[in-house]
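To convert, note that position 260 of the sequence shown is 260 in the UniProt record's numbering; the numbers rise steadily by one, no gaps.
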Amino acid sequence: MSALTLFELSHVFTIVEFFASTFTNLILIFLTAFYVKNLFGTYKRMVIYFSTLGIVFSALEITAKPFSHNYNGSLLYFSTSELPETFVSLLMSSWSAFYIIVVAFIAVQFVYRYLCLTNYNATKKFDGVKTVFWIIYPLVPGAFYTISMNFLCAADEYSDSYVQATISKNYGLEVSKLPRYSMIAFSADGSLRWNTVIYLIIGISSISFHYFIIIVCCYKMHISMKIELAKFSVKNQTLHRQFFKALIVQIIGPTIFLIIPTIPIFFAPLLSPILKIDVDWQTGNLFALVGFNAPFDSIAFMLIVSEYKTIVKQKLCGVSVVSVVSTAIVTQPVLF
Numbered sequence: 001m002s003a004l005t006l007f008e009l010s011h012v013f014t015i016v017e018f019f020a021s022t023f024t025n026l027i028l029i030f031l032t033a034f035y036v037k038n039l040f041g042t043y044k045r046m047v048i049y050f051s052t053l054g055i056v057f058s059a060l061e062i063t064a065k066p067f068s069h070n071y072n073g074s075l076l077y078f079s080t081s082e083l084p085e086t087f088v089s090l091l092m093s094s095w096s097a098f099y100i101i102v103v104a105f106i107a108v109q110f111v112y113r114y115l116c117l118t119n120y121n122a123t124k125k126f127d128g129v130k131t132v133f134w135i136i137y138p139l140v141p142g143a144f145y146t147i148s149m150n151f152l153c154a155a156d157e158y159s160d161s162y163v164q165a166t167i168s169k170n171y172g173l174e175v176s177k178l179p180r181y182s183m184i185a186f187s188a189d190g191s192l193r194w195n196t197v198i199y200l201i202i203g204i205s206s207i208s209f210h211y212f213i214i215i216v217c218c219y220k221m222h223i224s225m226k227i228e229l230a231k232f233s234v235k236n237q238t239l240h241r242q243f244f245k246a247l248i249v250q251i252i253g254p255t256i257f258l259i260i261p262t263i264p265i266f267f268a269p270l271l272s273p274i275l276k277i278d279v280d281w282q283t284g285n286l287f288a289l290v291g292f293n294a295p296f297d298s299i300a301f302m303l304i305v306s307e308y309k310t311i312v313k314q315k316l317c318g319v320s321v322v323s324v325v326s327t328a329i330v331t332q333p334v335l336f
């Protein structure tokens, strides 16, 4: 299959991702807001908030049409959207910001569930007016990332000339006419281009920091699970185990769909010149994996938490199922 064909197919995958993400997340939001009884307060808001992020993330991708190409020591992040260039550039940087926001919010969810299991009183810091803090927190690294992209990754004559031949060969496009951000780690004389290096450090650090939090929380939850679950009733133990399984899936999903695709994109511009490796990769095809994280996460959550399956059987299939209501998440319900 030719490189151009893969590039064209990436747009098809983007459309599929958008409809899959919108459909599954709207179902999850609807069921969580109006039917699910075992989710209350903060965690219920988190589920709805995260599902909304997934929809917005997919909508930005289908509108901005972001794509990336790694060529030796360079990374070109561009779009073929026919909308005004300034507007498309804003959408592209916003989509990148939402990627960071999604990863950061997954970390917030892991911290909250860890506290629910090990130090329930500490979860009060997530309730009430303080809700605004965990909503705003993921926006901070996202905003910082997109600002750094706009200030540090503006294309220049050197970056355009560096990738012009490969962009023409792979896509039949004129690079100077594309909405784009360009990252080249080394100048022609071998000196570092610090704007690109700083940007890559910001991106890698932000992703690594939040992924580290996810891994640590999951490990600590696993260690303390047996001890802490003994404090709950049998019904609530079952519910917590279901949520823990959902969080395990939330590690597998982001690892496959969010973290792994960024490794060649971010590291190739630094390692290719150092290791003397020739690189000419359509890394934008990896965005297809990124887009499927939202529907994967929503479907997995609804399959693991049995109350969702019960509701679907009752409402869609007409099957009578005895439901069990638990108050494992908080002591006082918070209505929407």
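All C-beta atoms in this analysis are idealised placements derived from N, C-alpha and C, irrespective of residue type, glycine included.
According to DSSP, which residues form a beta bridge with residue i?
i           : result
residue 180 : 78
residue 66  : 79
residue 186 : 192
residue 71  : 74, 280
Can the beta-carbon of residue i be found less than 9 angstroms from the beta-carbon of residue j?
i           : j           : result
residue 57  : residue 102 : yes
residue 76  : residue 182 : yes
residue 21  : residue 291 : yes
residue 280 : residue 121 : no
residue 18  : residue 48  : no
residue 180 : residue 93  : no
residue 219 : residue 254 : no
residue 259 : residue 207 : yes
residue 257 : residue 293 : yes
residue 304 : residue 216 : no
residue 78  : residue 175 : yes
residue 115 : residue 126 : yes
residue 51  : residue 91  : no
Mark residue i as exposed unless 16 or more other C-beta atoms lie within 10 angstroms of its C-beta, in which case mark it buried.
i           : result
residue 194 : exposed
residue 158 : exposed
residue 224 : exposed
residue 108 : buried
residue 155 : buried
residue 128 : exposed
residue 297 : buried
residue 288 : buried
residue 12  : exposed
residue 32  : buried
residue 275 : exposed
residue 55  : buried
residue 14  : buried
residue 172 : exposed
residue 311 : buried
residue 100 : buried
residue 5   : exposed
residue 178 : buried
residue 84  : exposed
residue 110 : buried
residue 205 : exposed
residue 168 : exposed
residue 9   : exposed
Could you work out which residue in the options is closest to residue i when comparing CA atoms only?
i           : options            : result
residue 286 : 208, 263, 294      : 263
residue 282 : 122, 66, 44        : 66
residue 136 : 301, 53, 284       : 53
residue 45  : 96, 105, 79        : 105
residue 214 : 113, 179, 93, 51   : 113
residue 81  : 72, 64, 90         : 64
residue 200 : 149, 12, 173       : 149
residue 87  : 69, 60, 100, 125   : 60
residue 7   : 284, 217, 138, 139 : 284
residue 269 : 311, 32, 69        : 69
residue 245 : 265, 196, 306      : 306
residue 142 : 37, 97, 304, 276   : 97
residue 151 : 12, 33, 196        : 196
residue 313 : 10, 35, 9          : 35
residue 300 : 38, 251, 133, 261  : 251
residue 187 : 160, 168, 205      : 160
residue 277 : 74, 10, 315, 37    : 74
residue 308 : 9, 95, 37          : 37
residue 315 : 153, 189, 30       : 30
List the whole-angstrom C-beta distance separating residue i from residue j, where the pair is believed to meet the contact cut-off of C-beta under 8 angstroms.
i           : j           : result
residue 28  : residue 221 : At roughly 22 angstroms, the Cβ-Cβ gap does not stay under 8 angstroms, so residue 28 and residue 221 are not in contact.
residue 295 : residue 24  : 4 angstroms
residue 147 : residue 162 : No, residue 147 and residue 162 are not in contact; Cβ-Cβ is about 24 angstroms, not under 8 angstroms.
residue 131 : residue 71  : That pair is no contact at about 45 angstroms.
residue 42  : residue 118 : Actually they are not in contact, since the Cβ atoms of residue 42 and residue 118 sit about 16 angstroms apart, beyond 8 angstroms.
Should residue i be flagged as near chain D, meaning a C-beta pair shorter than 9 angstroms?
i          : result
residue 86 : In summary, chain D is missing from the structure at hand, where a single protein chain is found.
With respect to 8 angstroms, is the separation between the Cβ of residue i and the closest non-hydrogen atom of the ligand MN below this value?
i           : result
residue 107 : Here there are no bound small molecules, and the ligand MN is not part of this structure.
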